[in-house]
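A.B. asks: Take a look at this one; I'll ask things after.
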Amino acid sequence: MSLTVLGLSGALTHDPSAALYIDGKLVAAAEEERFVRDKHAKNRMPYESARFCLDFAGIKPKDVDIVAIPFAPISLADKARWHYAKRYWYAPDRGLDAILMGNRRFYRYRRRIQWCLQQLGFDLKKVELVPVEHHLTHASSAYHCSGFKEKTAIMGIDGKGEYATTFFGWGENGRIHKIKEFYDPDSLGGLYGALTEYLGFDMLDGEYKVMGMAPYGDAEKYDFSRLAEFENGELVINTDYANVIGFRRYKEKGKGYYFSPKLIDWLGPKREGDVADDPYIHYAASIQKLFEDLALQMMDYYLGDILRETGKLAFAGGGALNVKLNQKIIARPEVKELFVQPASGDSGTAVGAASYVSQARGVPVEKMEHVYLGPSYTNEEVIAACAKHAARPAWQKIEAVPERIARILAAGQPVAWFQGRMEFGPRALGGRSILGCPSAPGVADRINEQIKFRERWRPFCPSMLDTVGPQMLQTEHPSPFMTFTFEVAEEWKERVPEVVHEDGTARAQVLRREFNPRYYDLMVELEKLTGNGVALNTSLNRRGEPMICSPTDALNMFFGSDLQYLIMEDILVVKDGADAALGLA
1 MSLTVLGLSG ALTHDPSAAL YIDGKLVAAA EEERFVRDKH AKNRMPYESA
51 RFCLDFAGIK PKDVDIVAIP FAPISLADKA RWHYAKRYWY APDRGLDAIL
101 MGNRRFYRYR RRIQWCLQQL GFDLKKVELV PVEHHLTHAS SAYHCSGFKE
151 KTAIMGIDGK GEYATTFFGW GENGRIHKIK EFYDPDSLGG LYGALTEYLG
201 FDMLDGEYKV MGMAPYGDAE KYDFSRLAEF ENGELVINTD YANVIGFRRY
251 KEKGKGYYFS PKLIDWLGPK REGDVADDPY IHYAASIQKL FEDLALQMMD
301 YYLGDILRET GKLAFAGGGA LNVKLNQKII ARPEVKELFV QPASGDSGTA
351 VGAASYVSQA RGVPVEKMEH VYLGPSYTNE EVIAACAKHA ARPAWQKIEA
401 VPERIARILA AGQPVAWFQG RMEFGPRALG GRSILGCPSA PGVADRINEQ
451 IKFRERWRPF CPSMLDTVGP QMLQTEHPSP FMTFTFEVAE EWKERVPEVV
501 HEDGTARAQV LRREFNPRYY DLMVELEKLT GNGVALNTSL NRRGEPMICS
551 PTDALNMFFG SDLQYLIMED ILVVKDGADA ALGLA
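Given below as structure tokens:
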């Protein structure tokens with residue numbers, strides 16, 4: 001059976017994206033932010049990303065059988081809307097709206113998607129538009145992409161979809177079965193987001209910064225248990241403090257936050273600036289510990305029997321990007337393998353909606369082995385971008401790219417690495433990366449301060465050969481997508497200190513050559529020069545910007561930072577005197 005399904009996300013006004021399945025194969029996927037150069041692309045529709053997917057596959061709108069969207073109407077007979085109204089009793093206008101007009105957001109989103117499709121050339125009379133419940137798309141993006149054949153436990157934790165915030169279920173023979181959902185405001189992801197705002201970051205963007213700050217603090221200094229509890233199978237968030245709406249919100253400079261003035265009275269003023277200081281580092285540690293504890297309790301309660309039966313767990317939703325929680329999950333003796341959807345946040349719901357519909361229509365989808373699903377560029381396109389650029393870059397076409405770049409890295413210089421298809425999801429995985437040598441003292445600080453212009457305490461991650469992973473990380477667990485942290489072996493903490501975080505862990509990518517041979521070969525050359533088949537890897541962007549998509553984007557970033565070397569396919573761009581200074585000219 002032939003089936004072409006286009007998934008489009010963006011239902012919750014952020015992170016629109018597109019994903020295209022043709023006969024069960026994920027042909028292309030990309031986030032809108034990369035094309036429009038606006039991080040999270042808030043209030044936009046996935047126009048450019050959808051156009052890319054169709055163009056890449058060489059198909060027209062008329063060739064698409066189904067457009068799947070990750071948002072669906074919720075029946076008044078369902079308890080979700082009533083739960084929302086009851087728990088937000090103190091904002092009766094919101095409660096009544098949920099009961100009387102509870103699907104307004106869905107209809108508004110569907111209209112916007114229909115408009116977007118018309119701009120792309122779709123005939124709305126001839127294409128089938130299929131809505132899928134938001135948390136089912138997260139579940140599908142994890143389970144159907146995991147490749148697991150056994151009965152699989154499925155967990156979804158995020159802020160909220162239509163009303164649901166948390167999902168527990170299982171998958172078997174390609175079908176997803178729901179065990180339990182929690183509904184807004186009882187959201188563990190929402191609670192973490194509210195504390196992210198209190199700690200001075202943007203919700204939906206800064207949660208990983210809180211996670212990076214947490215190891216500098218002491219979780220035992222402050223007891224955060226009053227914020228949430230899980231008892232008798234129910235999660236309850238204390239809406240005196242967090243996940244608040246209406247007049248309960250703390251307001252500052254005209255902006256309302258998802259925490260209350262009562263939280264300020266308890267913990268003190270909201271954090272400002274870039275310094276990770278006392279007491280905020282301890283608050284970060286405390287909310288991270290509470291998040292981990294409650295997530296593990298819920299997992300045990302609803303999924304423990306399934307995990308003891310087969311040991312397989314698929315996890316998605318924004319909460320699945322919490323790599324410290326994932327480390328704790330993998331450490332559980334009953335968990336044999338954890339698959340975390342690499343685009344766990346809402347951008348990944350485009351994949352989830354499309355995979356769910358494909359599977360439901362009788363076309364199983366393949367295992368997600370890699371995320372190199374975006375645009376790629378030829379040497380000729382790179383040269384054309386250099387010719388048009390205002391900075392008049394000096395470029396040269398080089399042979400033996402891995403060997404040449406490894407020499408630059410080993411000499412202590414960071415390199416912007418632009419190769420092959422752009423990654424889908426939030427992690428740079430060797431397509432659009434800034435690389436450094438993890439044994440070169442100070443390289444991490446230099447990238448933070450002079451290239452990415454971001455907070456000093458933010459950690460960097462290693463990419464490594466599959467021959468190195470088991471030694472350095474002390475485990476054989478697959479880690480292709482940087483979705484887990486692992487305890488680093490003592491010897492390797494000394495060998496590659498620039499990629500080991502404050503708590504002795506590293507969020508690692510373990511490479512297999514078949515999916516990115518040039519990146520793998522670079523590690524091999526680096527191993528010859530330094531003894532370590534490991535590179536420091538961070539995304540090719542500056543603070544507050546989306547990851548780089550095109551050669552022009554890369555050149556703009558290169559000339560707006562202290563980077564000296566940029567390799568795009570076989571084209572090396574070098575700033576004046578850089579090679580001579582290294583003795584590599």
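Note that the UniProt record's numbering gives residue 427 to position 427 of the sequence shown, counting from 1, and the numbers run on in steps of one. Think of the CB as a built atom: it goes at the ideal place given N, C-alpha and C, for glycine as much as any other residue.
1. Tell me the rounded alpha-carbon separation between G531 and K262.
2. Just grab the DSSP bridge partners of residue 618 for me.
3. Nearest-angstrom Cα distance between Q327 and Y258?
4. At a cut of 8 Å, does the region 540-549 reach the region 431-448 through at least three beta carbon pairs?
5. Here's a check: name, in chain order, each residue in its chain whose Cβ is nearer than 7 Å to the Cβ of K336, leaving out the five neighbours to either side.
6. Looking only at its chain, what residues have a beta carbon closer than 7 Å to the beta carbon of E369, apart from the 5 residues adjacent to it on each side?
7. How do the region 400-413 and the region 47-59 stand: do at least 3 beta-carbon pairs fall below 8 Å, yes or no?
8. What residue from D63, H14 and K25 has the CA that sits closest to R44's CA?
9. The beta strand (DSSP E) that contains A390, what's its start and end?
10. So does the region 277-289 actually touch the region 195-202, counting three or more Cβ pairs closer than 8 Å?
11. Taking L307 and S344 to be in contact with their CB atoms under 8 Å, please state how far apart those CB atoms are, rounded to whole angstroms.
12. For R104 and L204, I'd like the C-alpha separation in whole angstroms.
13. Which same chain residues, not among the five before or five after G273, have their C-beta less than 8 Å away from its C-beta?
14. Use the C-beta contact count for N243: other C-beta atoms within 10 angstroms, 16 or more gives buried, fewer gives exposed.
15. Starting from the Cα of P269, find the closest Cα among L100, L195, P131 and I66 and give me that residue.
16. By how many angstroms is the C-alpha of Q564 removed from the C-alpha of A581?
17. Could you tell me the distance, in whole angstroms, from the CA atom of M557 to the CA atom of G174?
18. Mind checking which residues open and close the beta strand (DSSP E) that includes Q509?
19. Please state whether DSSP places I383 in a helix, a strand or coil.
20. Quick check: the Cα distance between G469 and E449, rounded to an integer number of angstroms?
21. Quick one: give me the first and last residue of the beta strand (DSSP E) that E231 is part of.
22. Do V132 and Y356 have their CB atoms nearer than 7 Å?
23. Terminal residues of the continuous alpha helix (DSSP H) containing Y257?
24. Applying the criterion that 16 or more other CB atoms from any shown protein chain within 10 Å of the CB defines a buried residue, is M472 buried or exposed?
25. Rounded to a whole number of angstroms, what is the C-alpha to C-alpha distance between K253 and S260?
26. With DSSP collapsed to three states, give me the class of E403.
C.D. replies: Inspection of the coordinates gives the following:
1. 54 Å
2. There is simply no residue 618 to check, as the chain begins at 1 and stops at 585 in what is shown.
3. 28 Å
4. yes
5. G311 and K312
6. F515
7. no
8. H14
9. No beta strand (DSSP E) holds A390; DSSP gives it neither H nor E.
10. Yes, since at least three Cβ pairs between the region 277-289 and the region 195-202 fall closer than 8 Å, the two stretches touch.
11. The Cβ separation is near 19 Å, so there is no contact.
12. 23 Å
13. G200
14. buried
15. Looking at the Cα atoms, L195 is the closest of the given residues.
16. In this prediction, A581 has a pLDDT of 48, which is less than 50 and means its spatial position is unreliable; what the coordinates show is noted afterwards. So the alpha carbons of these two residues sit roughly 11 Å apart.
17. Their backbone Cα atoms lie some 43 Å apart in a straight line.
18. Q509 to L511
19. helix
20. 29 Å
21. A228 to E231
22. Their beta carbons are under 7 Å apart, which means V132 touches Y356 by this criterion.
23. Taken as a continuous stretch (DSSP letters only), Y257 belongs to no alpha helix (DSSP H), as it is neither H nor E.
24. Counting the other Cβ atoms within 10 Å of the Cβ of M472 gives 16 or more, which makes it buried.
25. 15 Å
26. helix
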